[in-house]
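Chemist: I'd like to ask some things about the structure below.
In this note's numbering, the protein residues as written are 9 to 189.
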């Protein structure tokens with residue numbers, strides 16, 4: 009480090025910037041994305057991405073962890089069951105983006121580390137949903153049923169996109185909530 013007077017260079021590229029690049033590349037390419045694609049999207053070298061996250065799997069693990077934190081935060085801000093459910097898939101309203109993310113999910117399920125993180129992700133979302141459901145006086149199993157509903161809608165819509173995803177979710181969520189109430 010003679011050329012920097014022994015002082016490390018400040019980190020100018022944030023993890024958030026790189027993880028946003030991962031999400032953008034998955035939206036466009038699905039599981040065929042590479043670390044080089046992420047680096048190009050983030051405007052950094054492949055080495056910088058590899059040094060920070062290690063591998064494609066490391067990128068996906070970091071993205072899953074950050075995504076869990078983000079969705080839980082947004083659910084708390086939503087403050088009610090309906091709005092919380094609608095934000096789970098709000099960024100997947102384009103059929104290509106939805107399909108590419110579903111394809112990535114399929115690949116993630118093969119990797120035991122990513123599958124374990126996804127289980128934690130789903131559990132965290134359902135835990136937050138249970139709190140909201142209890143606050144609204146919904147049945148004890150409402151969170152599990154509502155989670156399954158939106159997962160099923162998102163999968164069906166990504167394969168057979170008809171109309172607007174969030175409009176479809178709104179209609180179906182409202183119908184189920186009405187029956188539960």
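Cβ atoms here follow ideal geometry from the backbone N, Cα and C, with glycine treated the same way.
Assuming residue 54 is part of the alpha helix (DSSP H), what are its boundary residues?
Modeler: The residue you call residue 54 lines up with position 46 of the chain shown. From DSSP, the alpha helix (DSSP H) with residue 54 extends over 54-61.
Chemist: Is DSSP giving residue 161 helix, strand or coil here?
Modeler: As a first step, residue 161 must be located in the chain shown, where it is residue number 153. Residue 161 falls in the helix class under three-state DSSP.
Chemist: Hey, could you find the ends of the alpha helix (DSSP H) residue 72 is sitting in?
Modeler: On the chain shown, position 64 is the one that residue 72 refers to. Per DSSP, residue 72 belongs to the alpha helix (DSSP H) from 64-86.
Chemist: Between 22, 78, 90, 82, which has its C-alpha nearest residue 57's C-alpha?
Modeler: For the purposes of this step, residue 57 is taken as the residue at position 49 of the chain shown. For residue 57, the nearest C-alpha among the options comes from 22.
Chemist: To the nearest angstrom, report how far apart residue 92 and residue 149 are at their CA atoms.
Modeler: Your numbering for residue 92 matches position 84 in the chain shown. Your numbering for residue 149 matches position 141 in the chain shown. Using only the alpha carbons, I get a separation of about 17 Å.
Chemist: Whole angstroms are fine: how far does the CA of residue 44 sit from the CA of residue 53?
Modeler: As a first step, residue 53 must be located in the chain shown, where it is residue number 45. As a first step, residue 44 must be located in the chain shown, where it is residue number 36. Going from the Cα of residue 53 to the Cα of residue 44 covers about 8 Å.
Chemist: Specify, as a first and last residue, the run of the alpha helix (DSSP H) that residue 107 falls within.
Modeler: Within the chain shown, the letter at position 99 stands for residue 107. Residues 103-116.
Chemist: What is the DSSP secondary structure of residue 189, reduced to helix, strand or coil?
Modeler: Your numbering for residue 189 matches position 181 in the chain shown. Here residue 189 sits in coil by DSSP.
Chemist: Quick one, are the C-beta atoms of residue 154 and residue 165 less than 7 Å apart?
Modeler: Your numbering for residue 154 matches position 146 in the chain shown. Your numbering for residue 165 matches position 157 in the chain shown. Their beta carbons are not under 7 Å apart, which means residue 154 does not touch residue 165 by this criterion.
Chemist: Cutting at 8 Å between CB atoms, please list the residues of its own chain near residue 186, excluding the five before and the five after it.
Modeler: For the purposes of this step, residue 186 is taken as the residue at position 178 of the chain shown. For residue 186, where only same-chain residues beyond five positions count, there are no Cβ hits under 8 Å.
Chemist: State the Cα-Cα distance for the pair residue 135 and residue 102, rounded to the nearest angstrom.
Modeler: Stepping through the chain shown from its first residue, residue 135 is reached at position 127. Stepping through the chain shown from its first residue, residue 102 is reached at position 94. Distance between residue 135 and residue 102, taken at the CA atoms: about 28 Å.
Chemist: On the criterion of 16 or more Cβ atoms from any shown chain inside 10 Å, does residue 158 qualify as buried, or is it exposed?
Modeler: Sequence index remark: in the chain shown, residue 158 carries index 150 (1-based). Flag for residue 158 reads buried.
Chemist: Tell me the DSSP secondary structure of residue 95 in three-state form.
Modeler: In the chain shown, counting from the first residue as 1, residue 95 sits at position 87. Residue state, collapsed to three classes: coil.
Chemist: From residue 74 to residue 170, what does the alpha carbon distance come to, in whole angstroms?
Modeler: Locating residue 74 in the chain shown gives position 66, where the first residue counts as 1. Locating residue 170 in the chain shown gives position 162, where the first residue counts as 1. Whole-angstrom Cα-Cα distance: 30 Å.
Chemist: Leaving out five residues on either side along the sequence, give the residues of the same chain with a beta carbon under 6 Å from the beta carbon of residue 181.
Modeler: As a first step, residue 181 is located in the chain shown; it is residue number 173 there, counting from the start. Closer than 6 Å at Cβ, skipping near neighbours: 90, 93.
Chemist: So residue 76 packs on residue 132, CB below 8 Å; how close in whole Å?
Modeler: By one-based count along the chain shown, residue 76 stands at place 68. By one-based count along the chain shown, residue 132 stands at place 124. Their Cβ separation, rounded to whole angstroms, is 5 Å, which keeps residue 76 and residue 132 in contact under 8 Å.
Chemist: For residue 13, does the count of other Cβ atoms within 10 angstroms reach 16, so buried, or fall short, so exposed?
Modeler: To locate residue 13, count along the chain shown from 1; it is residue 5. Note that residue 13 has pLDDT 48, beneath the 50 cutoff, so the model's placement of it is unreliable and the number below is only indicative. Looking at its Cβ environment, which holds fewer than 16 other Cβ atoms inside 10 Å, residue 13 is exposed.
Chemist: For a quick check, are the C-beta atoms of residue 32 and residue 49 less than 7 Å apart?
Modeler: As a first step, residue 32 is located in the chain shown; it is residue number 24 there, counting from the start. As a first step, residue 49 is located in the chain shown; it is residue number 41 there, counting from the start. Yes; because the gap between Cβ atoms is below 7 Å, this pair is in contact.
Chemist: Measuring only the C-alpha atoms, how far is residue 177 from residue 66?
Modeler: Counted from its first residue, the chain shown places residue 177 at position 169. Counted from its first residue, the chain shown places residue 66 at position 58. Their Cα atoms are separated by approximately 32 Å.
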